[in-house]
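Numbering (the UniProt record's numbering), first residue to last: 1 to 624.
This is the structure in structure tokens:
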């Protein structure tokens with residue numbers, strides 16, 4: 001069963017073939033398109049045969065039922081008339097009612113396929129009517145203002161077409177143009193030049209970012225109002241099958257355009273002189289899509305159509321790219337006249353079209369990579385400079401030869417205008433020829449010098465590029481060496497940290513061992529303190545008051561109950577701790593005569609018996 005798409009392919013092939021009949025004939029593709037048309041017709045043809053068979057069966061069945069109803073009605077009516085005595089008038093009434101009912105039912109059944117088709121078509125039609133567009137073209141929606149200036153700003157615009165969501169057409173477009181200035185977009189095909197113009201006309205809205213019109217976001221501006229302020233001249237102008245005057249009138253739909261305004265716009269577009277040579281002048285029919293006119297003539301009509309609405313913004317999308325040299329000169333003059341006093345956005349590849357722009361924006365991958373005037377960008381020697389170099393050095397580029405030809409023709413025409421109609425015309429006409437030759441020779445020499453300069457610059461660029469590659473390689477090697485040294489440094493630092501940790505642990509361990517021995521000795525002294533106090537009537541004091549014994553610590557041994565006349569008087573022996581852990585007497589109070597005999601005894605570890613012998617010596621000395 002053929003689908004709706006299969007049916008749509010058939011008129012598509014036929015319409016393309018008829019609209020491009022000259023191209024098909026020039027390529028000798030008539031047989032190919034005939035076979036393609038027959039191939040596209042195959043599925044609809046099979047489907048039509050099936051539908052015809054089904055329709056025939058249904059129609060035959062309905063007619064069979066109808067005539068069988070006739071036969072049954074007449075047979076039964078005759079029986080009633082002959083047997084029952086029924087009046088034949090009643091019989092015919094009933095038969096007529098049955099026949100009309102059967103006919104109506106048969107016709108209704110034949111309409112069933114048409115009803116199904118109409119139902120599908122109506123559903124698609126109402127679906128289209130109920131669709132809400134993303135960009136409203138209503139005259140009541142959006143902002144309008146009287147003092148429209150034409151300032152345009154693209155602020156970080158990103159955009160992808162709905163049918164190609166995976167292709168980023170604009171990627172952060174940032175550029176602006178003041179009222180009355182000319183902005184020229186240059187760049188390779190597919191970089192987003194024409195898309196930016198479509199965003200300005202609000203055929204689409206940016207996915208991200210803003211297009212500002214006089215400081216207002218384009219999404220908030222009334223669409224009919226905005227488009228009434230914009231005039232556009234595209235690469236392939238579209239003309240309607242009517243007169244020249246009517247095509248120009250279509251440019252302004254806000255009010256009626258008078259014939260004087262049409263003539264004035266035609267003069268500014270350098271069209272009036274050509275129109276006046278035609279038999280019917282402005283009432284001349286241009287044919288379907290302007291088929292009766294040349295491309296340059298159609299382009300000038302499109303320019304006049306853009307001028308007649310007096311727009312504040314003029315968009316020129318490759319307006320001269322497909323024209324010959326003579327037509328380009330005329331159209332370029334018309335465009336220069338149309339640009340006066342208007343904000344103009346130009347999309348072009350030819351140097352003669354863009355070099356006079358106030359701002360030249362070089363686009364690549366949907367973004368502006370360079371912008372400025374022609375002289376500024378040439379001085380930078382960036383992307384724009386390379387583009388101009390490629391144009392100038394391309395020998396096979398037809399634009400370059402066209403430019404030289406047009407320049408020579410302009411010089412020749414200007415010099416011919418200076419020739420008078422007097423008898424000296426021959427002499428004056430000879431001098432322009434000489435001047436033209438001299439000028440051509442001088443221009444050729446200048447071009448040769450420019451070519452040599454460009455070639456020298458190219459060689460310098462190649463050498464600079466090679467040296468930059470070598471330096472980049474050396475820098476990359478240095479970076480790799482630095483990275484290796486950084487890794488080695490990290491390893492050394494880690495080893496140092498490990499050694500520090502091990503040393504600190506070892507020191508903590510040694511300190512803990514020495515401190516533990518001293519603490520054990522102090523514990524023993526403290527444990528023996530009670531015994532000394534009870535049995536020897538002796539008290540051990542720490543002069544510093546510290547709980548731990550350290551080097552340089554001093555202890556006092558206080559003996560009481562020594563002197564028989566004064567039991568409370570104390571004999572105090574002060575000992576100091578030596579480096580090796582032994583004790584040494586510092587002073588004895590009161591001074592004892594026997595201290596020399598037992599001073600050396602404190603070299604040994606202090607014990608209970610040792611202290612008891614000291615006490616006995618103090619007692620014996622006191623009694624004496």
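The C-beta atom is built at its ideal place from N, Cα and C for all residues, glycine as well.
By Cβ distance, which residues of its chain are closer than 8 Å to residue i, with the 5 residues on each side in sequence left out?
i           : result
residue 17  : 24, 33, 37
residue 2   : Note that residue 2 scores a pLDDT of 47, beneath 50, so its modelled location is shaky; the value from the coordinates is reported in the next line. So the list reads 43, 44, 46, 47, once near-sequence residues are dropped.
residue 111 : none
residue 476 : none
Name the residue from the options whose alpha carbon lies nearest to the alpha carbon of residue i.
i           : options            : result
residue 314 : 466, 291, 73, 149  : 149
residue 186 : 171, 345, 179, 503 : 345
residue 225 : 140, 465, 56       : 140
residue 142 : 219, 67, 181, 305  : 219
residue 135 : 155, 201, 11, 183  : 201
residue 249 : 265, 234, 237, 236 : 265
residue 351 : 119, 239, 388      : 388
residue 12  : 29, 232, 31, 41    : 41
residue 297 : 235, 488, 57, 378  : 235
residue 283 : 304, 268, 44, 259  : 259
residue 160 : 286, 127, 204, 348 : 204
residue 238 : 302, 217, 133      : 302
residue 347 : 29, 121, 311, 197  : 197
residue 359 : 50, 51, 183, 27    : 183
residue 108 : 390, 58, 92        : 58
residue 612 : 559, 574, 572      : 559
residue 269 : 308, 470, 252, 465 : 308
residue 278 : 310, 243, 256, 311 : 243
residue 168 : 96, 367, 121       : 367
residue 280 : 375, 290, 245      : 245
So, at 7 Å on beta carbons, what are the nonlocal neighbours of residue i in its own chain, with the 5 sequence-adjacent residues on each side left out?
i           : result
residue 288 : 241
residue 105 : none
residue 99  : 70
residue 404 : Any answer about residue 404 is weak, because its pLDDT of 37 lies below 50 and its placement is not dependable; what the coordinates show is given next. Contacts found: none.
residue 103 : 66
residue 118 : none
residue 91  : 77, 80, 81
residue 272 : 263, 266
residue 261 : 308
residue 497 : none
Answer with buried or exposed for residue i, where buried requires no fewer than 16 other C-beta atoms within 10 angstroms of its C-beta.
i           : result
residue 15  : exposed
residue 384 : buried
residue 115 : exposed
residue 635 : Any question about residue 635 goes unanswered here, given that the chain covers just 1 to 624.
residue 555 : buried
residue 88  : exposed
residue 211 : buried
residue 300 : buried
residue 31  : exposed
residue 453 : exposed
residue 247 : buried
residue 312 : buried
residue 54  : exposed
residue 61  : exposed
residue 329 : buried
residue 147 : exposed
residue 73  : buried
Per the DSSP calculation, residue i is bridged to which residue(s)?
i           : result
residue 255 : Per DSSP, none; premise fails for residue 255.
residue 361 : 185, 371
residue 136 : DSSP, once it has assigned bridges, lists no residue as partnering residue 136.
residue 317 : 347
residue 208 : 158
residue 557 : 540, 573
residue 143 : 221
residue 176 : 153
residue 233 : 316
residue 171 : 158
Give me, in chain order, the residues of the same chain whose beta-carbon lies closer than 6 Å to that of residue i; leave out the 5 immediate sequence neighbours on both sides.
i           : result
residue 157 : 170, 173, 206, 209
residue 292 : 286
residue 233 : 302, 303, 306, 316, 319
residue 221 : 142, 143, 213
Using 6 Å as the cut-off, classify the Cβ of residue i as near or not near the heavy atoms of the ligand NAP, replying yes or no.
i          : result
residue 73 : No copy of the ligand NAP appears in this structure; indeed no ligand is present at all.
Kindly confirm or deny that the segment 367-379 and the segment 339-349 touch, where touching means at least three C-beta pairs closer than 8 Å. Cβ pair count under 8 Å is below three, so no.
Is it true that the segment 147-162 meets the segment 172-189, where meeting means three or more beta-carbon pairs spaced less than 8 Å apart? Yes, the segment 147-162 is in contact with the segment 172-189.
Between the segment 188-207 and the segment 354-369, are three or more C-beta pairs nearer than 8 Å? The segment 188-207 is in contact with the segment 354-369.
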